[in-house]
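Participant: Here it is, the structure in full.
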Amino acid sequence: MKNLFSIEQLSKNEINEILQIASEYDLNFVSDEFRHKKLVLAFFETSTRTKLSFEIAAKNLGVQVIDFMPELSSIQKGESLVETLRTLEAMGVDVAVVRHREEGTAKMLSTQLDMSILNAGDGVNQHPSQALLDALTLKEVFGELEDFKITICGDILHSRVARSNIELLSKFNVDVSLCAPKELLDNNFSSLNYHDNIDIAVQESDVVMCLRIQKERMEQMEVPNTSEYFEKYGFKKKHFEMNKDILLMHPGPVNYGVDIENGLQNHDRCLINSQVKNGVLTRMAILKKILNYIGK
Amino acid sequence: MKNLFSIEQLSKNEINEILQIASEYDLNFVSDEFRHKKLVLAFFETSTRTKLSFEIAAKNLGVQVIDFMPELSSIQKGESLVETLRTLEAMGVDVAVVRHREEGTAKMLSTQLDMSILNAGDGVNQHPSQALLDALTLKEVFGELEDFKITICGDILHSRVARSNIELLSKFNVDVSLCAPKELLDNNFSSLNYHDNIDIAVQESDVVMCLRIQKERMEQMEVPNTSEYFEKYGFKKKHFEMNKDILLMHPGPVNYGVDIENGLQNHDRCLINSQVKNGVLTRMAILKKILNYIGK
Amino acid sequence: MKNLFSIEQLSKNEINEILQIASEYDLNFVSDEFRHKKLVLAFFETSTRTKLSFEIAAKNLGVQVIDFMPELSSIQKGESLVETLRTLEAMGVDVAVVRHREEGTAKMLSTQLDMSILNAGDGVNQHPSQALLDALTLKEVFGELEDFKITICGDILHSRVARSNIELLSKFNVDVSLCAPKELLDNNFSSLNYHDNIDIAVQESDVVMCLRIQKERMEQMEVPNTSEYFEKYGFKKKHFEMNKDILLMHPGPVNYGVDIENGLQNHDRCLINSQVKNGVLTRMAILKKILNYIGK
């Protein structure tokens, strides 16, 4: 694997292989294996967790990490992204982890550069490492990616997390439902089950994955404020009672009081911390596969 | 020692142990001992010296350093400090070095997180690593923390450096005096000696430790401008003559021409460079103690 | 060699030695040799390529790199550059790589500090590592720094790159010409050949080195806009036809469509990528010489 743009590009075997490698790592793993390799973090959207997760994953493998901070660089002065990365490539940088508000950025870059490109989120399109870490988290719980029901709840339409997760889980034998205001559904996923509110979703699912809702989106919806949204789609403490096996996921950062009721973050059926931990391990596995490939 | 919030929490034995470990390090020390450990620098107030000092100290011990820059992160978008650090903890980060304008931040964080918390300054409350590095500097000169007189001069009321130093030196047999405009004294220290101006302080002390004065503070005082402040409380070249043994300290950054006369920074009785050097060594010792503890 | 301020300070032997060391490195080189050494990047002008080039070069040698970001530091609050670097020196930092808008900054700093100072650009004065990497690039092509003709084209007057390159190439047996609007020539170089437009320069040279033109400069010139500038001084695709051996250089970042026609960056006679690669190798060589010197 030279690049990672989307879940679509990965076969079930490749996904299983990445999850297997990830499951064999732990957070104390540290190695010099890839100390001659260099990776640049090129995040053109503000990010804490994804960027730090990749940084830690790369450093755990011994990779030299360059933090290219667009806010502080001359890219503001009009140099194009391609030219900037071409320069880094000429300096010996092997991998670029790219987050950009425009869909297709990672793929576009790969056509113009020799370095490996890892998509860490391109607009509302894809966020493949997130779907892989979520799959690892689900596999830890269920043993295999099959025979369980998950509902993805929130702003499906504008969520690269939803898109990547749906694509991944649909490759496996997982029953995926959606729960969202109608205006925030995506026609491409009209074949999936739909739950009108989270109470039903909780009763019909083994896992509910809530998404972050942007306040700006609500203004265009029938549920025009956060309290109405929370009432209908927010995961609340009572849901852990309503279904005694229900598991809660969220890609973060959580809008507590909107996406999820405050105080649930440490519930033993809240998997958010596992997702974060698995984020590092999964990104280590992804990088391992890419670095092994380009090492040839 | 899991956390370091304040001088108050440390026994004399613990202080002596930290100073002993620090005195055995030097600036060329470098090790891989803690390469599997991760530390985040979480500075919510602008800082150069303290942040860099911790960064260098950690790297000297082989610790992986994550620079979490609040200016550039999504914490601006409303994610809470606790949630952000919980995420880092889930990624395997072992220690957070925190500077924050609110008193008690470090202690509050420790009640909600498993990671070690190191207070690098919380409002006007505490700055324990500064007091420890000052103690190391004084011990280098006097052999022991006893039988000498020190005057702390400047804005005592708003200074976490003063507070931590007074607490530390009061545990030992050191004679501590204060010299400050009356409005900038702290009632909690009313049992200490008081010198009305720096000329007297210099004559009555072995060491004068000047503090940085904020211009905004002067407006509320009887000495309403920098030249009057400098005249009455600034350490001047003549003071090195007035007392041929007097030693000068300052936690930095110095307002030259206000706190201290310009040109004194390289005087052989000015200990500022020793303080900076000892800052790195002391923080190495603090980290060593914390990392050994959590390593169990 | 303790410091590097300018090309002027280097003998032909020293230049040859640096280029020789550089030519023996490659981009995969990685070593722990200097892991006890510390270097600070102190860039007071926005920069991507030079700063990252030094960062990668230093890390390849195992040097601990401190990124002192003035934008985010308390130097904004009035602490002087000298005091800040003195503090870093006291923390054990061995080398400062400094870029500053004022001419002579690097040299001034060296008179007040013990640490090594490496000039990464001081106003319109000098950029010695750029001239050395350009020399390495030319030596790779021509075998020796002699018996070829180069034209430097663009804003000579305000270019530290031009200044350092002219000084270096003039020490060797290289025929240097200039091509620029008359207002952007420098009287100090009036003994050099002059070409009135780039068509002639291309026909009379083996290499054309274009420089970045600042739009603000054009307003003071007879060629008051980018299209006229490009017409007369921009390197165009046709020039590769006009002289079948002509080589193109540019220190970057390129203003495509102004300095150089868009689309030429990957032409096999465009040396820009070689310059970038050689930037890392040359800076590794410079650092090696400095670190060996101060290691004594």
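Chains A, B and C supply the protein sequences, listed in that same order. Heads up, the first sequence is in my numbering, so the first residue is 283 and it goes up one at a time. Heads up, the second sequence is in my numbering, so the first residue is 283 and it goes up one at a time. Heads up, the third sequence is in my numbering, so the first residue is 283 and it goes up one at a time. Where a beta carbon is used, it is the ideal one built from N, C-alpha and C, also for glycine.
Taking 8 Å as the threshold, find out whether the region 420-436 of chain A comes into contact with the region 484-493 of chain A through three or more Cβ pairs.
Facilitator: Flag = yes, the region 420-436 of chain A and the region 484-493 of chain A touch.
Participant: Below 8 Å on the Cβ atoms is my guess for Val512(B) versus Gly539(B); work out the distance and round it to an integer in Å.
Facilitator: Correcting the residue identity first, residue 512(B) is Phe in this sequence and not Val. Confirmed, Cβ separation roughly 7 Å.
Participant: Listing by chain order, which chain A residues have their CB less than 7 Å from the CB of His318(B)?
Facilitator: The contacting residues are Asn310 and Val312.
Participant: Rounded to whole angstroms, what is the Cα-Cα separation between Asn560(B) and Ser305(B)?
Facilitator: Cα to Cα, Asn560(B) sits roughly 8 Å from Ser305(B).
Participant: Evaluate Asp376(A) with the Cβ neighbour count: other Cβ atoms within 10 Å of its Cβ, from every protein chain shown; 16 or more gives buried, anything less gives exposed.
Facilitator: Asp376(A) is buried by the Cβ-count criterion.
Participant: Below 9 Å between beta carbons is the criterion; list the residues of the region 373-390 of chain A that meet it against any residue of chain C, in chain order.
Facilitator: Of all residues in the region 373-390 of chain A, Met373, Gly374 and Val375 have a Cβ within less than 9 Å of some Cβ in chain C.
Participant: Near Ser472(B), which residues of its chain fall below 8 Å by C-beta distance, leaving aside the five closest residues on each side in sequence?
Facilitator: Answer for Ser472(B): no residue qualifies.
Participant: Measuring alpha carbon to alpha carbon, tell me which of Ala372(C), Ala413(C) and Asn555(C) ends up nearest Glu371(A).
Facilitator: Glu371(A) has its Cα closest to that of Asn555(C), out of Ala372(C), Ala413(C) and Asn555(C).
Participant: Output needed in chain order: residues of the region 524-541 of chain C with a Cβ under 9 Å from some Cβ in chain A.
Facilitator: From the region 524-541 of chain C, only Gly534, Pro535, Val536, Asn537 and Tyr538 have a Cβ closer than 9 Å to chain A.
Participant: Can you check whether the CB of Leu529(A) is closer than 8 Å to the CB of Val417(A)?
Facilitator: Note that residue 417(A) is Ala in the sequence shown, not Val. Not in contact: Ala417(A) and Leu529(A) (Cβ atoms no closer than 8 Å).
Participant: Within its chain, find whatever has a CB closer than 6 Å to the CB of Ile338(C); leave out the 5 residues flanking it on each side and keep chain order.
Facilitator: So the list reads Val562, once near-sequence residues are dropped.
Participant: What do you get for Met524(B), buried or exposed, if any count of 16 or more other CB atoms within 10 angstroms of its CB means buried?
Facilitator: The residue in question, Met524(B), is exposed, as its Cβ has fewer than 16 Cβ neighbours within 10 Å.
Participant: Label Asp541(C) either buried or exposed according to how many other C-beta atoms from any shown protein chain fall within 10 Å of its C-beta, with 16 as the threshold for buried.
Facilitator: Buried, since its Cβ has 16 or more Cβ neighbours within 10 Å.
Participant: Once you ignore the five residues that flank Asp396(C) on each side, which residues in its own chain have a CB closer than 8 Å to its CB?
Facilitator: Once the five neighbours on either side are set aside, the close Cβ partners of Asp396(C) are Glu371.
Participant: Counting C-beta neighbours from all protein chains within 10 Å, is the total for Glu428(A) 16 or more, i.e. buried, or is it exposed?
Facilitator: When all chains shown are included, Glu428(A) counts as exposed.
Participant: Please look up how many angstroms separate the CB atoms of Leu415(A) and Gln557(A), rounded, as I've assumed it's under 8 Å.
Facilitator: With a Cβ gap of about 6 Å, Leu415(A) and Gln557(A) count as contacting.
Participant: Taking 8 Å as the limit between beta carbons, can you name the residues of its chain near Met500(A), skipping five residues before and five after?
Facilitator: Pro506, Asn507, Thr508 and Tyr511, listed in sequence order.
Participant: Roughly how many whole angstroms lie between the Cα atoms of Ser446(A) and Lys284(B)?
Facilitator: Going by the C-alpha atoms only, they are around 40 Å apart.
Participant: Between Gly405(A), Gly344(A) and Tyr515(A), which lies nearest to Leu573(A) when the distance is taken from Cα to Cα?
Facilitator: Nearest C-alpha to Leu573(A): Gly344(A).
Participant: Look up Ile581(A) in the DSSP assignment and say whether it is helix, strand or coil.
Facilitator: Here chain A covers residues 283 to 578 and nothing more, so residue 581(A) does not appear.
Participant: Cβ closer than 8 Å: which chain C residues qualify as neighbours of Glu337(B)?
Facilitator: Those within 8 Å of Glu337(B) in chain C are Ile348.
Participant: Find out if the Cβ-Cβ distance for the pair Val380(A), Ala324(A) is shorter than 8 Å.
Facilitator: For Val380(A) and Ala324(A), yes; Cβs fall inside 8 Å.
Participant: Run through DSSP, which three-state label would Asp481(B) get?
Facilitator: Helix, per DSSP.
Participant: Measuring straight from C-alpha to C-alpha, what distance separates Tyr575(B) and Ala402(C)?
Facilitator: Straight-line Cα distance between these residues: approximately 43 Å.
Participant: What in chain B is Cβ-close to Leu370(C), meaning under 8 Å?
Facilitator: Those within 8 Å of Leu370(C) in chain B are Leu334.
Participant: Note down, one range per segment and in chain order, each beta strand (DSSP E) of at least 3 residues found wholly within the region 368-400 of chain C.
Facilitator: With a minimum length of 3 residues, the continuous beta strand (DSSP E) runs that stay inside the region 368-400 of chain C are 377-382.
Participant: Using only CA atoms, which one of Phe454(C), Ile495(C), Asp314(C) and Gln485(C) lies nearest to Ala462(C)?
Facilitator: It is Ile495(C).
Participant: Any beta carbon of chain C sitting closer than 8 Å to that of Leu321(B)?
Facilitator: Closer than 8 Å: no.
Participant: So, is the C-beta of Thr508(A) closer than 8 Å to a C-beta in chain B?
Facilitator: For Thr508(A), the answer is no, since every Cβ of chain B falls outside 8 Å of its Cβ.
Participant: Determine, for Asn455(A), whether the minimum Cβ-Cβ distance to residues of chain B falls below 8 Å.
Facilitator: For Asn455(A), the answer is no, since every Cβ of chain B falls outside 8 Å of its Cβ.
Participant: Please list the terminal residues of the continuous alpha helix (DSSP H) segment that includes Met491(A).
Facilitator: Taken as a continuous stretch (DSSP letters only), Met491(A) belongs to no alpha helix (DSSP H), being part of the beta strand (DSSP E) at Val489 to Cys492.
Participant: Counting only beta-carbon separations shorter than 8 Å, does Gln358(B) have a partner in chain C?
Facilitator: Confidence at Gln358(B) is low in this model, with a pLDDT of 48, below 50, so the placement of that residue should be treated as unreliable; the coordinate-derived value is given next. Answer no: the Cβ-Cβ gap between Gln358(B) and chain C never drops below 8 Å.
Participant: Looking at the structure shown, is Tyr307(B) part of a helix, part of a strand, or coil, going by DSSP?
Facilitator: Coil at Tyr307(B), not helix or strand.
Participant: Counting only beta-carbon separations shorter than 8 Å, does Thr328(B) have a partner in chain D?
Facilitator: Included in the structure are the protein chains A, B and C, with no chain D among them.
Participant: Near Ser459(B), what residues of its chain come up, given a Cβ to Cβ distance below 8 Å and the 5 sequence neighbours on each side ignored?
Facilitator: Excluding residues within five positions, the ones whose Cβ falls inside 8 Å are Lys431, Ile432, Thr433, Ile434, Leu474, Asn475, Tyr476, His477, Ala483, Glu486 and Ser487.
Participant: What's the gap between the Cα of Leu546(C) and the Cα of Asn310(A)?
Facilitator: Cα to Cα, Leu546(C) sits roughly 47 Å from Asn310(A).
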